[in-house]
Amino acid sequence: MMNINKLIQSINRAKKIRRALPYHRQEISGINVSDKDLHQILKTIKLLFKQFKLNEFDIKINHWGEVIVIEPYRQIKVILSVGYFEQDHNVYSVKKRLKSCDYFDVSALDFNSRKLLIRIRAARTNTKWREHSFSDVESGKILAENFAEQIIEITSSLVSTTRLEPYKNYGQVTIEDVLAIARYGSALYGRETVLYFLVRDKEILSYPQKITIDKSEMKITNFNGFTRSYLLNKKAIKLLGLLPINFEGEETIIEC
Amino acid sequence: MAKSKLYCLSIKPIVIEHKVVHGSLHPMPLYCLSDFNVSLISCINSLIDVLNQHQLTEVSKKITDITWFFELTNRYHIDIPTYIHVTESTVYFTGYLPPYKQKYLRTSEVPLDEILDNGREVKPINLANLQLPFAKAISLELEAQQAEFEKVNDRYYALDEVRNALANLDEDTVEQLNSSSSTCLTELAQEMSHLNNQNEAVELAMEELSKKLLYRAFGLTIGDWICTDSSWHEGRKVHLRIERVDYYSNEIILSGPIITRKGEVGKREESIRINLCKGSDDEYK
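First to last, the protein sequences are chains A and B. Going by my numbering, the first residue of the first sequence is number 857, and it counts up by one from there. Going by my numbering, the first residue of the second sequence is number 7, and it counts up by one from there.
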């Protein structure tokens, strides 16, 4: 049986690594609020989790703090995200208009840049986000119940198995994860770490296939089989240690 | 409640380190949302005041309340350190994503007269202000600078003739120049370039002084809309947006694109001359 306090703790622990998210090429959901708001929001999240537990949902949280809720009947995964979001059609129209002009007045449109939202989406392609303002959620348990119902609702029309299972390797470290941390490290420390040179190595970063980490040595192999190794210093190891990688014992191999 | 203006601005990088890796190393937002509400407008106004009082070209200040949308993470980042930059006629924002410590992204510029409500009003001004002591002082200073400018200019052209003569001597004859004349030639060139620099400095000082005069006497700045009375300026009505201020022999020349009948900024350029000595008998608003 899952322990809700442990889940909350792992969200808290992911706080540090989430700062590297803008350097990751994939969109990773989860809880995106400032550190000072986090405490308050976790209280509400806890309430939600309790309700999910009552409904026998499973909840998983990976090293990036990405929250996945699994409904009990057909094991369909649902992504949960908290942050300041924009509706997809707004983003689309802005993108289109910015091609022809540098700035424009959007007073007439409804933008929610300052509203903290909580939203859910089934982890399938072409599913839509369902958004709720956070203040509604805080107002009581009723909404928490409502959330569980909604998850059932949005998954009910989906088939139980798909050819491509998203989040199959959920919780595993990918090459992109390592590279994202490397980019973050390069921005943070500049030339002080070897990560600065690693992320600017065009040859090795063309379709990297394999990363091997053995103590303080990191080897990257690209699709040609060309390998280059980098010696990591303490700062780099500390940063990469945010990912579940073992720097002490046996070597870690990450493949795509 | 006062009407606020929500603007969406495009983003440009300030520096591009390397085209291929730039995108992933320096995450760029897709757009920036800026709400020009009362508090932001008052901030802009105070910055404009500073700008005009000291004749600066750009002032910047750290602000909050601006949101940046990142396509990569598909959300707004509210913790981006943002700076507002106000120039004589535009406003834009810069920022960076932590852990970087230097600004690497900026928005496109928005013209000030679009944001400020009074930007497009035609302001009434009083030419009699030119007779006030401080205005007199500035115009005297301008005159002195002008005299200095002419002095330097005269010397420059006199030297230019000598240099041309020497250069012709070198080019037209077969014999090499003797050492003393060739040193003379280089020295002349040096002095001329020095004079040129001096002239540029004087010109800049004059421009600043005329802007100062314009601001302190009439409260006019670059980007303001002005129009003359029909009784003045050869009986024509001139309606323009100030883009440049020049000073020439006791006259301040305001020039810029005309304003069309529709009330938009046109393409053709016009200028208005204000005589600093008489001034008072010309009426315009």
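Quick reminder that beta carbons are idealized off the backbone N, C-alpha and C, glycines included.
At a cut-off of 7 angstroms, the C-beta of Arg1039 of chain A has a neighbouring C-beta in chain B. Against chain A, the beta carbon of Lys68 of chain B has no neighbour under 8 angstroms; the closest one sits roughly 17 angstroms away. Under a 10 Å Cβ-count criterion, Pro139 of chain B is classified as exposed, with fewer than 16 other Cβ atoms of the shown protein chains found around its own Cβ. Annotated as distal: Trp74 of chain B and Cys49 of chain B, with beta-carbon spacing of 7 angstroms or more. Taking one beta carbon from each stretch, the segment 936-945 of chain A and the segment 883-903 of chain A have 3 or more pairs nearer than 8 angstroms; the two touch.
When the alpha-carbon of Cys233 of chain B is set against those of B:Leu246, B:Ser216, B:Arg267, the nearest one is in B:Leu246. Within the segment 871-883 of chain A, the residues whose Cβ lies closer than 8 angstroms to any Cβ of chain B are, in chain order, Arg875, Leu877, Pro878, Tyr879, His880, Arg881, Glu883. Between the alpha carbons of Pro928 of chain A and Ala876 of chain A lies a distance of about 33 angstroms. The segment 1064-1097 of chain A contains, as complete alpha helix (DSSP H) runs of 4+ residues, the segments 1090-1096 (chain order).
Nearest C-alpha to Leu1098 of chain A among A:Val925, A:Trp920, A:Ile884, A:Phe1053: A:Trp920. At the C-beta level, Pro878 of chain A and Pro33 of chain B come within 7 angstroms of one another. Around the beta-carbon of Cys14 of chain B, 16 or more other beta-carbon atoms lie within 10 Å, marking it buried.
Counting along the chain, Asp252 of chain B sits inside no alpha helix (DSSP H); it lies in the beta strand (DSSP E) bounded by residues 250-254. Against chain B, the CB of Gly1027 of chain A has no partner CB under 7 angstroms away; the residue lies outside that interface. Ile917 of chain A is a Cβ neighbour of Val923 of chain A, given a cutoff of 7 angstroms. Distance between Lys218 of chain B and Ala1092 of chain A, taken at the CA atoms: about 55 angstroms.
Distance from the Cα of Arg81 of chain B is smallest, within the candidate group A:Tyr1023, A:Gln882, A:Leu904, for A:Gln882. For Cys14 of chain B, the uninterrupted beta strand (DSSP E) segment begins and ends at 11-15.
Asn43 of chain B places its beta carbon less than 7 angstroms from that of Ser10 of chain B. At least 7 angstroms separates the CB of Arg169 of chain B from every CB of chain A. It is roughly 16 angstroms from the alpha-carbon of Thr1017 of chain A to the alpha-carbon of Asn1025 of chain A. Proximity of Pro33 of chain B to chain A, defined by a Cβ-Cβ separation below 7 angstroms, is satisfied. Annotation: Val925 of chain A to Phe913 of chain A spans about 7 angstroms, alpha carbon to alpha carbon. Interface annotation, Ser963 of chain A: in contact with chain B, CB-CB separation under 7 angstroms.
DSSP places Ile867 of chain A in the helix class (H, G or I) of the three-state scheme. Proximity of chain A to Phe99 of chain B at the Cβ level (cut-off 9 angstroms) is not reached, the minimal Cβ distance being about 11 angstroms. With contacts defined as CB atoms closer than 7 angstroms, Glu64 of chain B and His91 of chain B qualify as a contacting pair.
Between the segment 209-229 of chain B and the segment 55-63 of chain B there are three or more C-beta pairs closer than 8 angstroms, enough to call the two in contact.
Straight through space, the alpha carbons of Gly272 of chain B and Thr983 of chain A are spaced by roughly 49 angstroms. Judged by their CB atoms, Thr96 of chain B and Tyr89 of chain B are not nearer to each other than the 7 angstroms cut-off. With 16 or more other Cβ atoms from the protein chains shown falling within 10 Å of its own Cβ, Arg874 of chain A counts as buried. Annotated three-state conformation of Asn1025 of chain A is coil, per DSSP.
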